[in-house]
Amino acid sequence: MPRGKVRYDNLKAAVAKVIGFARERKESARWLAFREHYSVDSFYCRPGLAGAHEKGGVEGDIGRFRRNHFVPVPEVGSLAELNLLVEQRDQEDDARRIRMRPRTVGEYFAVEQPLLAPLPIEVFDAGHVIETRVDRHSRIWARTGFYSVPTRYIERRVRIVLHANELAVYDGATEIARHERLVAKAGERLELDHYLETLLRKPGALPGATALEQARQAGKFTPIHDAWWAAARKARGDKDGTKALIEVLLLHRRIPHEHLVAGLAASLRVGALTADAVALEARKAAESEDESAATQQHEEPSSVASLTRRRLAHLPPDRRPLPSPAAYDQLLHHRPAAPKESMP
């Protein structure tokens, strides 16, 4: 991180109020905590045209990056995918040479890097904290949309920590939910797992649940789940078959997703439509995967030569007959003597 003064525009996250036309600012409480944690000495540009020249290079570089990497607008499935794309473009820019300069961007940064201060060991949590109450649908409202939490927290007050890409929900010091931030306004992000205990009591609400549809779109509720559910309802009726599926979904909390899907497929093939059967087949899939990995690791050639193996490889074959254990059969004919009776 930079040493000495760091130049900033009048960003809202840092500046609560611009005082006059000079460089005096009333800074926000979170920004003051951030500056103290990283020992940042802030230097603010003048507002308006008077300070336009003080940050022109930064704004110009942002414009160049946007024109080169965001035109046309990239199509991504999530903020995480967009961030990965931006990181990839940043790495490509390290090889860029500005005009007629003798070095690339990455080479200039390598020269500058020893002059930077090391980061602190502890990371500063820059999230924005909000206190709110869980509504009767087991949701919280955060900025632009609703997010689900487990149903046992309905009507309780919780704490939200908002970050740029995700948010975390806490009950005291315990994290109870974590979601990727919504992009569209007035949207919903509902986690099916948060409603399973309620659905176990009201299984008829599952087929039309918004959380189920979102789980399908996210790939968490797969076609194997649907096939197992259909078979269970056909064999046990709608209510009991749906309850059996919910019991299977509860297994996701302690069994990895890929193993549970394998367990669903195996139990469906043999017609064992119970949560216990799925758990058993999932454990078999996990054990088979572990054995396969162990076998593959064992078959890999060792980088260390064994002197014993090399010596044994040059010895002539041993053609002597194997020893016979027949001599030990005589022990079968010698029974221990009966114990003598003690004298009265």
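Sequential numbering from 1 applies to the sequence shown in UniProt numbering. A virtual CB, placed ideally from N, CA and C, is assigned to each residue, including glycine.
Residue range 166-171 is occupied by the beta strand (DSSP E) that includes ALA168, with no alpha helix (DSSP H) assigned at that position. Around the beta carbon of VAL111, fewer than 16 other beta carbons sit within 10 angstroms, so the residue counts as exposed. In the three-state DSSP reduction, THR104 falls in the coil class, being neither helix nor strand. DSSP places LEU162 inside the beta strand (DSSP E), whose first and last residues are 157-162. Partner residues in the beta bridge of ASP41, as assigned by DSSP, are LYS5. Assignment of alpha helix (DSSP H) within the segment 228-294, counting only whole runs of 4 or more residues, yields 238-250, 257-270 in chain order. Between ALA279 and ALA285, the alpha-carbon positions lie close to 10 Å from each other.
In the three-state reduction of the DSSP assignment, ARG133 falls in the strand class. Counting C-beta pairs with one atom in each stretch, the segment 116-126 and the segment 1-19 have three or more that are closer than 8 Å, which means they touch. Between the C-alpha atoms of HIS53 and VAL6 there is a straight-line separation of about 16 Å.
With respect to the C-alpha of ALA262, the residue from ARG253, ALA244, ARG136, SER288 having the closest C-alpha is SER288. The bridge partners DSSP lists for ILE121 come to none. Look at HIS128 here: in three-state DSSP terms it is strand. As the crow flies, the alpha-carbon of TYR195 is around 16 Å from that of ARG156.
Taking every protein chain shown into account, the CB of ALA244 has 16 or more other CB atoms within 10 angstroms, so this residue is buried.
ARG139 is bridged by DSSP to SER148. Rounded to whole angstroms, the separation of the alpha carbons of ILE130 and GLY77 is 27 Å.
Each of GLU191, GLY106, GLY208 was checked against the Cα of GLN91, and the nearest Cα belongs to GLY106. Linking PRO203 to ARG253 through their CA atoms gives a straight-line distance of about 19 Å. Here ILE154 is not near VAL169, since their CB atoms are 8 Å or more apart. Residues of the same chain with a CB within less than 6 Å of the CB of ARG64, apart from the 5 flanking positions on each side, do not exist. In this structure, DSSP gives ALA177 an extended state, which the three-state scheme calls strand. DSSP, reduced to helix, strand and coil, places VAL76 outside both helices and strands of the structure shown, so it counts as coil. With a cutoff of 8 Å on beta-carbon distance, LEU192 and PHE146 are scored as not near each other. For ALA211, there is no enclosing beta strand (DSSP E); the enclosing alpha helix (DSSP H) covers residues 210-217. With respect to TYR44, ASN10 sits close: the two C-beta atoms are nearer than 8 Å. VAL183: not part of any beta strand (DSSP E); DSSP gives it neither H nor E.
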